[in-house]
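**Student:**
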Amino acid sequence: MTRLTLVDPDNAAGETTHLLTAVHKALGVVPNLVKVLANNPAVLEGYLNVVGAKRTLSADTLIRIALLVAQENKSGYGLAQHSFLGTKVVGLPAAEVARARRGEAADPLNRAVLELAAAVLKGAVSDDHVAVARQAGLSDRQIVEIVAQVALHVFTAYLTQVADIAIDWPLN
1 MTRLTLVDPD
11 NAAGETTHLL
21 TAVHKALGVV
31 PNLVKVLANN
41 PAVLEGYLNV
51 VGAKRTLSAD
61 TLIRIALLVA
71 QENKSGYGLA
81 QHSFLGTKVV
91 GLPAAEVARA
101 RRGEAADPLN
111 RAVLELAAAV
121 LKGAVSDDHV
131 AVARQAGLSD
141 RQIVEIVAQV
151 ALHVFTAYLT
161 QVADIAIDWP
171 LN
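Residue numbers (the UniProt record's numbering): 1 to 172.
1. Can you check whether the CB of A151 is closer than 8 Å to the CB of residue 206?
2. What does the Cβ neighbour count give for N32, buried or exposed, with the cut at 16 atoms within 10 Å?
3. Does the stretch 112-132 touch the stretch 5-19, meaning 3 or more C-beta pairs lie closer than 8 Å?
4. Determine the DSSP secondary structure at P170, reduced to helix, strand or coil.
5. Between the stretch 27-47 and the stretch 59-70, are three or more C-beta pairs nearer than 8 Å?
6. Using CA coordinates, which residue listed in V51, A94 and Q161 is at the minimum distance from M1?
7. Please list the terminal residues of the continuous alpha helix (DSSP H) segment that includes T156.
8. Is there contact between the stretch 94-101 and the stretch 57-67, where contact requires at least three CB pairs shorter than 8 Å?
9. P142: which of K88, G78 and A117 sits nearest, CA to CA?
10. Compare the beta carbon distance of G86 and L92 with 8 Å and say whether it is the shorter of the two.
11. So, does the CB of A95 fall closer than 8 Å to a CB anywhere in chain C?
12. For G103, which of helix, strand or coil comes out of DSSP?
13. Please name the residue in S75, Q81 and A106 whose C-alpha comes closest to that of L27.
14. Along the chain, which unbroken stretches of the alpha helix (DSSP H) at least 4 residues long are found entirely within the stretch 16-61?
15. Between which residues of its own chain and V30 is the CB-CB distance below 6 Å, once the five residues before and five after are set aside?
16. Taking the C-alpha atoms as reference points, what is the distance between L57 and E145?
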C-alpha cells in the first residue's frame, strides 16, 4: 500500500489541476509518481520543468543515465519506467538497456557519460572523470546536465521508495 497520498487528478485543486491536466494530455494518463509529486505543487512544477527542459544530450543518453541511477538506488519503479521508455519510446535495444543498468555502453560518448554519472552518484568525481568526459566531446553545459539528471533521478528513486509507489509502467 502506498505510504503517501496519490492525488486523484479529478479531485485536485488550483495549480495542481493544471499541472496534472498537462501530464494527462502528454501521456494519456497520470503516472503514480506524478500523483505523489502532486502532494506538493511547487515540487511537481519543478520536476515537470526539469523533465521538459531543453537539453543538449540525446533522449537515449538521458534514459541511460536514468537506468544507471535506478539500478544503483534499487528503484523498481525507476527501472520499470525507464526500461519501458528506453525500449518502447526511445528505441534502445534491450541489450543496451541492460548495459546501461550496469553503467556500460558500446559507444565512447555514452560510456563517458555513464562513468561520470556513476562517479557523481558515489560523490567521488575526480579531475580524471571530468577530463575523460571532455575528451569524449562533452561540453561544460552537458556535464552540468548530467549532474542535474543524476540528481533528478536520485530524487525520484528516493521518493518512490519513501512513498512505496505501485509500479504502473507500462502505462495503460
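The beta carbon of each residue, even a glycine, is placed where N, CA and C say it ideally should be.
**Tutor:** Reading off the structure:
1. Coverage of the chain is limited to positions 1 through 172, which leaves residue 206 absent and any answer about it impossible.
2. buried
3. no
4. coil
5. no
6. Q161
7. D140 to A163
8. yes
9. Before going further, note that residue 142 is Gln rather than Pro in the sequence given. With distances taken between Cα atoms, Q142 lies closest to A117.
10. yes
11. The question asks about chain C, but that chain is absent: this structure has only one protein chain.
12. coil
13. Q81
14. 32-37 and 41-51
15. P9, L20, V23 and H24
16. 8 Å
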